[in-house]
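Numbering (this note's numbering), first residue to last: 29 to 187.
Working notes, structure below.
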Amino acid sequence: MERGRPYDGIESQGDITMLDNVKRAAVAAVMATNPVNVLYGTIESTKPLEVRIHEKLKLTADFLDVAEHLTRHERIVSIHHEEMATRNLGDRTDHDMLDSDDGEPPYTKYQHDYVKLIMQDGLKTGDKVVLLRVQGGHRFLVLDRYKRGEEVWSYPQET
29 MERGRPYDGI
39 ESQGDITMLD
49 NVKRAAVAAV
59 MATNPVNVLY
69 GTIESTKPLE
79 VRIHEKLKLT
89 ADFLDVAEHL
99 TRHERIVSIH
109 HEEMATRNLG
119 DRTDHDMLDS
129 DDGEPPYTKY
139 QHDYVKLIMQ
149 DGLKTGDKVV
159 LLRVQGGHRF
169 LVLDRYKRGE
179 EVWSYPQET
């Protein structure tokens, strides 16, 4: 008896075999277990909101949700000041000072509780952002701003 091809008996559509279809289904099943994709983009416009993902993909406000901390919003906070207290700022340490303090004793100290702060610093044109895309969905969450590693401790130049 003549031995057939390895895929004899497997239906095919042109060059696509049933085995190829099973492989595709397996890949789709694996992708379905990974419900989000992380994307990077740049704010191209704030009103209306537009985020450029790459040369051929620009997302408009209709497809975007924005994390609250990237919008104008309010927070209730407590403020504690102790003149000359050492503060770890990440790239350096510095001392808590008021503009009116002279740095000489007696030192000032105060506390304000339940102060309402209004955060005005929303997204700006040119901001680099991290987005999450729900697998199979058409919505993208602007999660946060980001900086490249070498830019972490750089600050915008004052104009």
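Ideal placement from N, C-alpha and C gives every residue a C-beta, glycine not left out.
Since residue i and residue j should fall inside the 8 angstroms C-beta cutoff, what is the C-beta to C-beta distance between them, to a whole number of angstroms?
i      : j      : result
ASP93  : ARG173 : 15 angstroms between Cβ atoms; not a contact.
GLU78  : LYS86  : 6 angstroms
GLU72  : THR153 : 7 angstroms
HIS109 : LYS144 : The Cβ separation is near 17 angstroms, so there is no contact.
To the nearest angstrom, how far is it from the Cα of residue i to the Cα of residue j?
i      : j      : result
ASP119 : LYS156 : 21 angstroms
SER182 : VAL64  : 31 angstroms
GLY52  : MET147 : A small fix is needed here, since residue 52 is Arg in this sequence, not Gly. So the two alpha carbons sit approximately 48 angstroms from each other.
GLY150 : ALA95  : 10 angstroms
TYR142 : HIS82  : 43 angstroms
TYR135 : SER106 : 20 angstroms
GLN139 : MET112 : 15 angstroms
VAL58  : ILE44  : 21 angstroms
ARG100 : THR121 : 29 angstroms
LYS75  : THR114 : 41 angstroms
VAL66  : ARG176 : 16 angstroms
ASP48  : ALA60  : 18 angstroms
VAL180 : MET125 : 24 angstroms
ALA89  : ILE104 : 28 angstroms
ARG80  : MET46  : 39 angstroms
LEU117 : PRO133 : 24 angstroms
GLY164 : LEU98  : 25 angstroms
ALA54  : PHE91  : 29 angstroms
VAL50  : GLU178 : 45 angstroms
ALA56  : HIS123 : 55 angstroms
From the DSSP output, which residues share a beta bridge with residue i?
i      : result
ASP155 : None, per the DSSP bridge assignment.
GLN148 : In DSSP, GLN148 forms no bridge with anything.
ASN49  : For ASN49, which the question treats as bridged, DSSP gives no partner whatsoever.
TYR183 : Paired residue(s): none; TYR183 is not in a bridge.
TYR138 : HIS109
LEU169 : ASP93, LEU160
TYR68  : VAL158
VAL143 : VAL105
Take residue i as the anchor and find which of the options has the nearest alpha-carbon.
i      : options                : result
VAL170 : VAL162, ARG176, GLY177 : VAL162
LEU159 : ALA56, VAL50, GLY69    : GLY69
- Task: Counting only runs of 3+ residues fully inside the stretch 79 to 136, write out the beta strand (DSSP E) ranges in chain order.
- Result: 85 to 88, 92 to 94, 101 to 110, 114 to 116, 121 to 123
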